[in-house]
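Notes follow the structure.
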Amino acid sequence: MSKRAESFPLHRREVAKTLLNARDDLLVVTGLGSTNWDFTAAGDCARIFPLWGAMGGAVPTGLGLALAQPTKRVLVATGDGEMLMGIGALATVAVQAPKNLAICVFDNERYGETGMQTTHTASVADLALTAQGLGIKNTGTITDEGELNAELDTIVNADGPVFRTIKVRAEPLEFVLPSKDGVHLKNRFRAELLGPEAL
Amino acid sequence: MEWGDDIYKAIKEAGVGQVAYVPDAGHKRLINACIDDNDIKAVSLTTEEEGIALSAGAWLGGEKCVMLMQSSGVGNCINMLSLIETCRFPFCAFVTMRGQWHEFNPWQMPMGTTTKQALQTAGCLVDEVEDPSDVGAKAAATIHKAFVGQQSSVLLLSQRMVPIKTFGK
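In order, the protein sequences belong to chains G and D. With the first letter of the first sequence counted as 1, position 8 gets the number 27 in our numbering; the numbers rise by one all the way through. With the first letter of the second sequence counted as 1, position 28 gets the number 73 in our numbering; the numbers rise by one all the way through.
Written as structure tokens, this is what we have:
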């Protein structure tokens, strides 16, 4: 098993904090499962919609939101395993080409929730190249803090769709869990974005 | 299939902003009407389950999304429908049926004969229509059930209403 991800310099919890704090009006969809805990640790709030299931659904959820709210910036943050399960959605995003959507894959080359088994990115698969091949023009891979800082403005402000693989360390971390009540998560997000009359 | 115009009318009257679809012969007329409509974002999917999550995301953003697919695609949706069920998102889909009426392709039978049960098992409320003159009223009711009644609401469109496909055999 490839062990290289155990020494990647970027720590996912720090990356989540940097992204969440880059814009206080950023709307965030996080995928099953570690990116949920990362963004909850960074600051559990109503403008984050964490998916506790629906594996493969993070990108299309973010796309529906971005199309519905073209003046708001939407970030999908998900893991490599979750992205691989719904990889075709990147082509759907490319065809729609929403300017307000960014996708960041936190790639630790592992299935974190099931025992850190390697994903296909640990050996041969390159998600940024895949996104490029599926039609997303603005893609790339971030491997350290300098690159993250240099790319941050692009991720949260540049015309999208933007796709970045962020190589993060495969490391054991404590769980920081958001509410798992889906109705509550949906309602708090809609109330924050659309006002109390949306409920 | 002129009944597609009746579904289109119901979609317009309900103020639907997004229509997600997988290309389908039965829905062709309706899909083309949605693509040509500048007020509808027509989203072509690579697999039906994307449309479930897209619908949820649209609702998070305050927009209604309707999904168009074929019965074989229902099988691709099952786990993703947990998103609708768990978060109680409104969901609306129109499904053209295969494996039901003069079906020439045995590969369409497994999903075609179990579509309704599969959807119901996944928490959807399912209605069916076989008479083209009833499509308009049932389409409006299906959309109302989804977005006013806030349910997971699916209308199955009988294979009797689409031309018999033979691939020349």
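Cβ atoms here follow ideal geometry from the backbone N, Cα and C, with glycine treated the same way.
Exercise. For Lys86 of chain D, which residues in chain G fall below 8 angstroms Cβ to Cβ?
Worked result: Numbered from its first residue, the second sequence carries residue 86 of chain D at position 41. Per Cβ cutoff of 8 angstroms: Leu86 and Gln115.
Problem set entry | Pro251 of chain G at chain D interface by Cβ criterion, 8 angstroms | Nothing can be reported for residue 251 of chain G, as the shown portion of chain G is limited to 20 through 218.
Exercise. Straight-line CA distance for Ala41 of chain G to Val93 of chain G?
Worked result: Here residue 41 of chain G refers to the residue found at position 22 when the first sequence is read from its first residue. Here residue 93 of chain G refers to the residue found at position 74 when the first sequence is read from its first residue. Ala41 of chain G and Val93 of chain G: Cα-Cα distance of roughly 12 angstroms.
Problem set entry | Between the CA atoms of Ser117 of chain D and Thr160 of chain D - distance to the nearest angstrom | Locating residue 160 of chain D in the second sequence gives position 115, counting from the first residue. Locating residue 117 of chain D in the second sequence gives position 72, counting from the first residue. If I take the Cα positions, the gap works out to 8 angstroms.
Exercise. Secondary structure at Arg133 of chain D, three-state DSSP: helix, strand or coil?
Worked result: Residue numbering aside, residue 133 of chain D sits at position 88 when the second sequence is read from its first letter. Reduced to three states, the DSSP call for Arg133 of chain D is coil.
For this session: Mind the definition here: the region 43-54 of chain G touches the region 95-104 of chain G only if three or more C-beta pairs lie below 8 angstroms; say whether that holds.
Result: Yes, since at least three Cβ pairs between the region 43-54 of chain G and the region 95-104 of chain G fall closer than 8 angstroms, the two stretches touch.
Exercise. In three-state DSSP terms, what is Leu153 of chain G?
Worked result: For the purposes of this step, residue 153 of chain G is taken as the residue at position 134 of the first sequence. Looking at Leu153 of chain G - three-state DSSP - the assignment turns out to be coil, as it is neither helix nor strand.
Exercise. So Thr111 of chain G packs on Val67 of chain D, CB below 8 angstroms; how close in whole Å?
Worked result: Residue 111 of chain G sits at position 92 when you count from the first residue of the first sequence. Residue 67 of chain D sits at position 22 when you count from the first residue of the second sequence. Actually they do not touch by this definition, with Cβ atoms about 11 angstroms apart.
Exercise. Which whole runs of the beta strand (DSSP E) in the region 66-122 of chain D are 3 residues long or more, in chain order?
Worked result: 86-89 and 110-115
Exercise. If you draw a straight line from the C-alpha of Val174 of chain D to the C-alpha of Thr187 of chain D, how long is it?
Worked result: Along the second sequence, one-based indexing puts residue 174 of chain D at 129. Along the second sequence, one-based indexing puts residue 187 of chain D at 142. If you take the alpha carbons of Val174 of chain D and Thr187 of chain D, they lie about 11 angstroms apart.
Problem set entry | Cutoff 6 angstroms; reference Ile80 of chain D; Cβ partners in own chain excluding five residues on either side | Indexing the second sequence from 1 puts residue 80 of chain D at position 35. Contacts found: Ala87.
Exercise. Whose C-alpha, out of D:Leu99, D:Gly107 and D:Gly106, is nearest the C-alpha of Cys122 of chain D?
Worked result: Numbered from 1 along the second sequence, position 77 holds the residue referred to as residue 122 of chain D. For the residues D:Leu99, D:Gly107 and D:Gly106, the minimum Cα distance to Cys122 of chain D belongs to D:Leu99.
For this session: Assuming Pro117 of chain G contacts Leu171 of chain G (C-beta within less than 8 angstroms), just tell me the rounded distance between them.
Result: Your numbering for residue 117 of chain G matches position 98 in the first sequence. Your numbering for residue 171 of chain G matches position 152 in the first sequence. So it is not a contact: roughly 20 angstroms between Cβ atoms.
Exercise. Any Cβ of chain D within less than 8 angstroms of the Cβ of Thr80 of chain G?
Worked result: Position 61 of the first sequence, counted from the first residue, corresponds to residue 80 of chain G. For Thr80 of chain G, the answer is yes, since a Cβ of chain D falls inside 8 angstroms of its Cβ.
Exercise. Looking at C-alpha atoms only, which residue of G:Ala77, G:Leu38 and G:Gln115 is the closest neighbour of Gly154 of chain G?
Worked result: Your numbering for residue 154 of chain G matches position 135 in the first sequence. For Gly154 of chain G, the nearest C-alpha among the options comes from G:Gln115.
Problem set entry | Whole-angstrom distance between His147 of chain D and Pro215 of chain G, CA atom to CA atom | Translated into the one-based positions of the first sequence, residue 215 of chain G becomes position 196. Translated into the one-based positions of the second sequence, residue 147 of chain D becomes position 102. So the two alpha carbons sit approximately 51 angstroms from each other.
Exercise. Shortest alpha-carbon distance to Trp56 of chain G belongs to which of G:Lys205, G:Lys199 and G:Phe208?
Worked result: To locate residue 56 of chain G, count along the first sequence from 1; it is residue 37. Among G:Lys205, G:Lys199 and G:Phe208, the Cα nearest to that of Trp56 of chain G is on G:Lys199.
For this session: Give me the Cα-Cα distance between Thr173 of chain G and Asn157 of chain G, rounded to the nearest whole angstrom.
Result: For the purposes of this step, residue 173 of chain G is identified with residue 154 of the first sequence, where counting begins at 1. For the purposes of this step, residue 157 of chain G is identified with residue 138 of the first sequence, where counting begins at 1. The alpha-carbon of Thr173 of chain G is positioned some 9 angstroms away from that of Asn157 of chain G.
Problem set entry | Nearest-angstrom beta carbon gap, Gly76 of chain G and Met125 of chain D [assumed within contact, 8 angstroms] | For the purposes of this step, residue 125 of chain D is taken as the residue at position 80 of the second sequence. For the purposes of this step, residue 76 of chain G is taken as the residue at position 57 of the first sequence. About 6 angstroms; that satisfies the 8 angstroms criterion.
For this session: Report the residues of the region 106-130 of chain D with a CB closer than 8 angstroms to any CB of chain G, ordered along the chain.
Result: Against chain G - using a Cβ distance shorter than 8 angstroms - the residues of the region 106-130 of chain D are Gly106, Gly107, Glu108, Cys110, Asn124, Met125, Ser127 and Leu128.
Problem set entry | Of the residues D:Val171, D:Ile76, D:Ala70 and D:Gly60, the one placed nearest Pro198 of chain D, counting alpha carbons only | Indexing the second sequence from 1 puts residue 198 of chain D at position 153. One point to set straight first is that residue 198 of chain D is Ser, not Pro, in the sequence displayed. Comparing Cα positions, the closest option is D:Val171.
For this session: Could you tell me which of D:Pro135, D:Phe149 and D:Ala55 sits nearest to Gly194 of chain D, measuring between CA atoms?
Result: In the second sequence, the residue the question calls residue 194 of chain D occupies position 149. Answer by Cα proximity: D:Pro135.
Exercise. Can you find a C-beta in chain D that's less than 8 angstroms from the C-beta of Thr133 of chain G?
Worked result: In the first sequence, residue 133 of chain G corresponds to position 114, counting from 1. No, Thr133 of chain G lies away from the interface with chain D (no Cβ there is under 8 angstroms from its Cβ).
Exercise. Buried or exposed: where does Asn176 of chain G fall if 16 or more other Cβ atoms within 10 Å of its Cβ makes it buried?
Worked result: Locating residue 176 of chain G in the first sequence gives position 157, counting from the first residue. Per the 10 Å Cβ criterion, exposed.
For this session: Go ahead and pull the three-state DSSP assignment for Leu103 of chain G.
Result: In the first sequence, counting from the first residue as 1, residue 103 of chain G sits at position 84. Helix.
Exercise. Going along chain D, which residues have a C-beta under 7 angstroms from Thr158 of chain G?
Worked result: Position 139 of the first sequence, counted from the first residue, corresponds to residue 158 of chain G. Within chain D, no residue has its CB atom less than 7 angstroms from the CB of Thr158 of chain G, the nearest being about 18 angstroms off.
Exercise. What's the gap between the Cα of Ala65 of chain D and the Cα of His72 of chain D?
Worked result: Within the second sequence, numbered from 1, the residue matching residue 65 of chain D stands at position 20. Within the second sequence, numbered from 1, the residue matching residue 72 of chain D stands at position 27. Cα to Cα, the separation comes out at about 12 angstroms.
Exercise. What is the DSSP secondary structure of Val61 of chain D, counted as helix, strand or coil?
Worked result: Taking the second sequence and counting its residues from 1, one reaches residue 61 of chain D at position 16. DSSP places Val61 of chain D outside both helix and strand once states are collapsed to three, so it counts as coil.
Exercise. Tell me the DSSP bridge mates of Tyr53 of chain D?
Worked result: By 1-based counting over the second sequence, the position of residue 53 of chain D is 8. Tyr53 of chain D is bridged by DSSP to nothing; it lacks a bridge partner.
Exercise. Going by alpha carbons, who is nearest to Ala144 of chain G out of G:Ile106, G:Ala210 and G:Arg188?
Worked result: Here residue 144 of chain G corresponds to residue number 125 of the first sequence, with the count starting at 1. Of G:Ile106, G:Ala210 and G:Arg188, the smallest CA-CA separation from Ala144 of chain G is found for G:Ile106.
Exercise. When you compare each of G:Val34, G:Ala65, G:Thr137 and G:Arg31 to Asp44 of chain G by their alpha carbons, which one comes out closest?
Worked result: Mapped onto the first sequence, residue 44 of chain G falls at position 25. Measuring from the Cα of Asp44 of chain G, the nearest candidate turns out to be G:Ala65.
Problem set entry | Inter-residue Cα distance where the pair is Met142 of chain D and Gln153 of chain D | In the second sequence, residue 142 of chain D corresponds to position 97, counting from 1. In the second sequence, residue 153 of chain D corresponds to position 108, counting from 1. Approximately 9 angstroms between the Cα atoms of the pair.
Exercise. So, helix, strand or coil for Asp224 of chain G, using DSSP?
Worked result: Only positions 20 to 218 of chain G appear in this structure, which leaves residue 224 of chain G out of reach.
Problem set entry | Unbroken beta strand (DSSP E) run spanning Phe125 of chain G, endpoints | Within the first sequence, residue 125 of chain G is the residue found at index 106, counting from 1. If you look at Phe125 of chain G, you'll find it in the beta strand (DSSP E) that goes Leu120 to Asp126.
Problem set entry | Three-state secondary structure (DSSP) of Leu228 of chain G | The question about residue 228 of chain G has no answer, for chain G in this structure spans 20 to 218.
Exercise. Taking DSSP as the reference, what is the three-state secondary structure of Asp176 of chain D?
Worked result: Residue numbering aside, residue 176 of chain D sits at position 131 when the second sequence is read from its first letter. Three-state result, Asp176 of chain D: coil.
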